[in-house]
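Asks: Chains as they are written, first to last, in this note's numbering: chain A, 2 to 265; chain B, 27 to 180.
Glycine residues also receive a C-beta, built at the ideal position from the N, C-alpha and C atoms.
Quick caveat: nothing in here was measured; it's all calculated off a predicted structure.
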């Protein structure tokens, strides 16, 4: 491939790449750094690209390796990350002051429940082993095939199947136990709780009927509800949505709380 | 379809030792079976004979296992051998559990055996429950999970 063709092709999936790395790292800074470094590496190694996969798959493989290098030494987050971070936020008035400021002044400061569902998944999926989280995001959110994921992760398709099956099973179980949107016994109500804070005049129930996963919770299987959760992530760009600044502020808060909690 | 759907455990009882073995033919890629056997945190999800398993299954690793055979007791075990894709042995001073994988046409033959014993074995042999049912359940669970993953399209 000619070097001058790299940039326009890279730009067609740059947004997806950046959101993928954000969902892996939970850090805007890391996402921006890794996307930049990926481009530089792709440019430098373009002569080794043989066209055996698509350019997008090849670039995602470079980015995945950079994310792995960064994350390998870091501890995985606990499944109850949102409980731990909620407690910290409640004891931190500055967090809510900043959030309210964003809510009132930013064009990307809306609070929407579906945005919080995607944010919540980003946090909870960091409890999966690294390879499983990578495979799950690549398949369920970014639509890569098994073969492409095997190429990106430099694994066999059999191992990709293992990662996907295991990570899906684990996430389905965690959300079934935790998420009150899909299970009345679920212990986490954070999205509706925050909706009450940021949108005091809005009724959460009226918002929830707009979200297929919550509206159809009683009629769908756990598998189907997980697919609907993934659909929410597929449709949202965490950097471009109307709630982006508020959710990224929240994500940065959680990342800092987790670093402290895990002693990093 | 594999005909060996109900794995049968066999126990060989001796004066100073007891050895239980089960084997099962699994129609799945051996790497899937190996991954299932060695990702400790995931084992309680598919293996109904394990209550909890902490630690890392790797060369020289240590694990803490609670089994349905005796839920009140935690076994502290050391990984004694770890040959990726082929052989795994863990155990303590009392005995060892050995897993072997042999690739065959269309899948893999998995065998699990555990030998316990020693000079004092006759004194407490009657207090140790039979492993047969637990081994058979393990083999059935492993086969079901590995073949489900092998056939998965998700």
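Going by alpha carbons, who is nearest to residue 99 (chain B) out of B:32, B:106, B:90?
Replies: Working through the second chain from its first residue, we reach residue 99 (chain B) at position 73. Checking every option, the nearest Cα to that of residue 99 (chain B) belongs to B:90.
Asks: Would you say residue 163 (chain A) lies against chain B (beta-carbon separation less than 9 Å)?
Replies: Start at 1 with the first residue of the first chain, and residue 163 (chain A) comes out as number 162. So, interface residue.
Asks: What are the residues in the segment 59-71 of chain B lying within 9 Å of chain A by C-beta distance?
Replies: 61, 62, 65, 67, 68, 71
Asks: Assign residue 141 (chain A) to buried or exposed, taking buried as 16 or more other Cβ atoms, counted over all protein chains shown, within 10 Å of its Cβ.
Replies: As a working note, residue 141 (chain A) is residue 140 in the first chain. So residue 141 (chain A) ends up on the buried side.
Asks: Please list, in chain order, the residues of the segment 58-87 of chain A that have any C-beta partner in chain B closer than 7 Å.
Replies: none
Asks: Along chain A, which residues have their Cβ under 8 Å away from the Cβ of residue 53 (chain B)?
Replies: Translated into positions along the second chain, residue 53 (chain B) becomes position 27. Within chain A, no residue comes near residue 53 (chain B); the closest Cβ sits about 12 Å away, beyond 8 Å.
Asks: Please list, in chain order, all residues of the same chain as residue 28 (chain B) whose beta carbon is under 6 Å from its beta carbon, the five residues on each side excluded.
Replies: Residue mapping note: residue 28 (chain B) aligns to position 2 of the second chain, counting from 1. Low local confidence applies: a pLDDT of 44 at residue 28 (chain B) is under 50, so the model's placement there is unreliable, with the coordinate-based value given in what follows. Excluding sequence neighbours, residue 28 (chain B) sits near 51, 53.
Asks: Please look up how many angstroms separate the CB atoms of residue 118 (chain A) and residue 250 (chain A), rounded, as I've assumed it's under 8 Å.
Replies: The residue labelled residue 118 (chain A) in the question sits at position 117 within the first chain. The residue labelled residue 250 (chain A) in the question sits at position 249 within the first chain. A Cβ-Cβ distance of about 17 Å is found for the pair residue 118 (chain A) and residue 250 (chain A), leaving them out of contact under the 8 Å criterion.
Asks: Of all the residues that make up the segment 156-168 of chain B, which are near chain A by a beta-carbon distance shorter than 8 Å?
Replies: Of all residues in the segment 156-168 of chain B, none has a Cβ within less than 8 Å of some Cβ in chain A.
Asks: So, with DSSP's three-state summary, where would you put residue 114 (chain B)?
Replies: Within the second chain, numbered from 1, the residue matching residue 114 (chain B) stands at position 88. Looking at residue 114 (chain B) - three-state DSSP - the assignment turns out to be strand.
Asks: Here's the rule I'm using: 16 or more other beta-carbon atoms within 10 Å means buried, otherwise exposed. How should residue 242 (chain A) be labelled?
Replies: In the first chain, counting from the first residue as 1, residue 242 (chain A) sits at position 241. Burial call: buried.
Asks: For the alpha helix (DSSP H) containing residue 44 (chain B), name the first residue and the last one.
Replies: Here the question's residue 44 (chain B) lines up with position 18 in the second chain. Element bounds for residue 44 (chain B): not the alpha helix (DSSP H) but the beta strand (DSSP E), 43-52.
Asks: Identify the contact partners of residue 175 (chain B) in chain A, using a Cβ-Cβ distance below 7 Å as the criterion.
Replies: The residue you call residue 175 (chain B) lines up with position 149 of the second chain. Chain A residues near residue 175 (chain B): 162, 163, 166.
Asks: Quick check: the segment 159-169 of chain B against the segment 71-79 of chain B, are there 3 or more CB pairs under 8 Å?
Replies: yes
Asks: Which chain A residues are close to residue 93 (chain B), counting only those with a beta carbon under 9 Å from its beta carbon?
Replies: Taking the first residue of the second chain as 1, we reach residue 93 (chain B) at position 67. Chain A residues near residue 93 (chain B): none, gap ~21 Å exceeds 9 Å.
Asks: Does the beta carbon of residue 74 (chain B) sit closer than 9 Å to a beta carbon anywhere in chain A?
Replies: By one-based count along the second chain, residue 74 (chain B) stands at place 48. It does not: the Cβ of residue 74 (chain B) has no partner Cβ on chain A nearer than 9 Å.
Asks: How would you write the range of the alpha helix (DSSP H) that residue 106 (chain A) sits in, first residue to last?
Replies: As a position in the first chain, residue 106 (chain A) is number 105, starting the count at 1. Start and end: 94-106.
Asks: Scan the segment 53-89 of chain A and note each continuous alpha helix (DSSP H) run of 4 residues or more that stays entirely inside, going in chain order.
Replies: 56-72
Asks: Write down the C-beta distance between residue 74 (chain A) and residue 22 (chain A) rounded to the nearest angstrom, noting that I regard them as a contact closer than 8 Å.
Replies: Along the first chain, read from residue 1 onward, the residue named residue 74 (chain A) stands at position 73. Along the first chain, read from residue 1 onward, the residue named residue 22 (chain A) stands at position 21. Contact between residue 74 (chain A) and residue 22 (chain A) is absent: CB atoms are separated by about 17 Å, not below the 8 Å threshold.
Asks: How would you label residue 133 (chain B), buried or exposed, when you count the other beta carbons within 10 angstroms and need 16 or more for buried?
Replies: Here residue 133 (chain B) is taken as the residue at index 107 of the second chain, counted from 1. Buried, since its Cβ has 16 or more Cβ neighbours within 10 Å.
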